[in-house]
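The block underneath contains the structure these notes are about, expressed in structure tokens.
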Amino acid sequence: MWVLGIESSCDETAAAVVDGALRLKTNIVSTQVATHAPFGGVVPEVASREHALRVVEVVKQATRPIGGLSALDGIAVTAGPGLVGALLVGLQYAKGLAFGLDVPFVAINHLEGHLAACLLSQPTPPYPHVALLVSGGHTQLYHVRAFGKYELLGTTRDDAAGEAFDKIAKLLGLGYPGGAAMEAAARGGDPEAIPFPRAKLSQPLDFSFSGLKTAASNRLRAVGGQASLSAAARQEFCASFQAAIVDTLVEKTMAAARAMRCQHIALGGGVSANGVLREQLTARARTEGCTVYLPPRALCTDNAAMVAAAGVVRLQRKECSPFNFSPRARWPLGDRPDALAETSALL
Ligand code: KG4
Ligand code: ZN
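The structure is reproduced here in structure tokens:
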């Protein structure tokens, strides 16, 4: 079985092929980062047009090694959440391909895709597990009872972790998106040099990064802006800022695992490419008798392999989507369980 995945929810046009045993065959990502860089962020209209220009070529490249489109047994495509115009390009292209090839088509939630990236490396996380989904648009904790069964345990009240990285990286002149550049700039710096705040919330599994963002930008302004930072001061600033985000993510993920009495923890989303987060969560989980399951680094940021992986599972269950499936700007993955009040009491 060969399933083609297509991703176009934001600024990466991507196509990938995964087989029925969840082995990755091809993974093509055409990034629009350089196109959007002069604007300091993604311009939705430009993103849609770029997807339209690129989608045919990335699908050609992804399917060439399996002998072309005729080898496909199904097509999976991101249908939300994301930029509607951008999603529309991939979604309509996927529908056309599926109709023309007479193969099943399935619309995939991008967030489920990020969590499915873990299925592409061994061992895969057993169920139930706690999942931390941390990207440019989302910072959420889920209790995953089975594939497709998600309970939202916590979410951000304001900015996502990736968004906080991006905004402060921009102020530091590190470019956009800035998470990976911030990680590189922080390397070797003292993470305790600046005591950036960690938000305390009444709902302990929720996140808030806006206070941290304000504290970081105020501090930067107080020292006269990024241009007046010495190389050592910049390194300390980045290491301390990164530590504030990573500490919060690690603390809350472990609190969720304790609350759900769960020993398995999965990670997904662009920020899960961060080496400090991967190391610290893994080390901390070990001290509490838990195991962390990480997606391959290259499959953390937006890609179509994760979409194809989710598609394989759904298509093997015969879960197809109708051709009138529309793109969804918002598409929550799961609700908060009624028992969450009791869960909070356990913390
Ligand atoms: O999952 P993703 O590619 O797109 C969304 O669905 O949002 O995540 C992109 C986010 C950006 O905010 C980017 O700065 C962040 O992931 N990111 C990182 C790293 N690599 C990407 N953040 C921290 N450290 C990294 N190494
Ligand atoms: Zn994403």
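For any residue, its number in the numbering used here is found by taking its place in the sequence shown, counting from 1, and adding 25. Just so you know, even glycine gets a beta-carbon here, dropped at the ideal spot from N, CA and C.
In this structure, G293 and P321 do not form a Cβ contact; the two beta carbons are roughly 11 Å apart against a cut-off of 8 Å. Separation of S73 and A111 (C-alpha to C-alpha, rounded to the nearest whole angstrom) is 4 Å. Per DSSP, D191 is one residue of the alpha helix (DSSP H) stretching across A186 to L196. Shown in chain order are the residues whose CB sits closer than 5 Å to a heavy atom of the ligand ZN: S160 and D327. Taking C-beta atoms as the reference points, A291 and V155 count as a pair closer than 9 Å. Counting of Cβ neighbours within 10 angstroms places Y167 among the buried residues, the total reaching 16 or more. Classified as buried, V84 has 16 or more neighbouring CB atoms from the shown chains inside 10 Å of its CB.
When DSSP assignments are scanned along the stretch 135-176, the uninterrupted stretches of alpha helix (DSSP H) that are 4 or more residues long and fall wholly within it turn out to be 135-141. Going by DSSP, K50 is part of the beta strand (DSSP E) stretching over L49 to T56. For L144, the CB contacts under 7 Å within the same chain, skipping 5 residues up- and downstream, are L47 and A334 in chain order.
Cβ contact annotation for V109 (same chain, cutoff 6 Å, sequence separation greater than five): P352 and A354, in chain order. Boundaries of the alpha helix (DSSP H) around E208: G204 to A211. Taken atom to atom, the span from the alpha-carbon of G107 to that of S34 is near 5 Å. Under the three-state reduction of DSSP, L319 is assigned to coil, being neither helix nor strand. Apart from sequence neighbours up to five positions away, the residues of its chain that approach L245 with a beta-carbon distance below 7 Å are L196 and Q251, ordered along the chain. Under DSSP, H289 forms a beta bridge with T316. For D44, the enclosing beta strand (DSSP E) begins and ends at E37 to D44. Taking the Cα positions, P222 is about 14 Å away from C263.
E37 counts as buried, since at least 16 other C-beta atoms from the protein chains shown sit within 10 angstroms of its C-beta.
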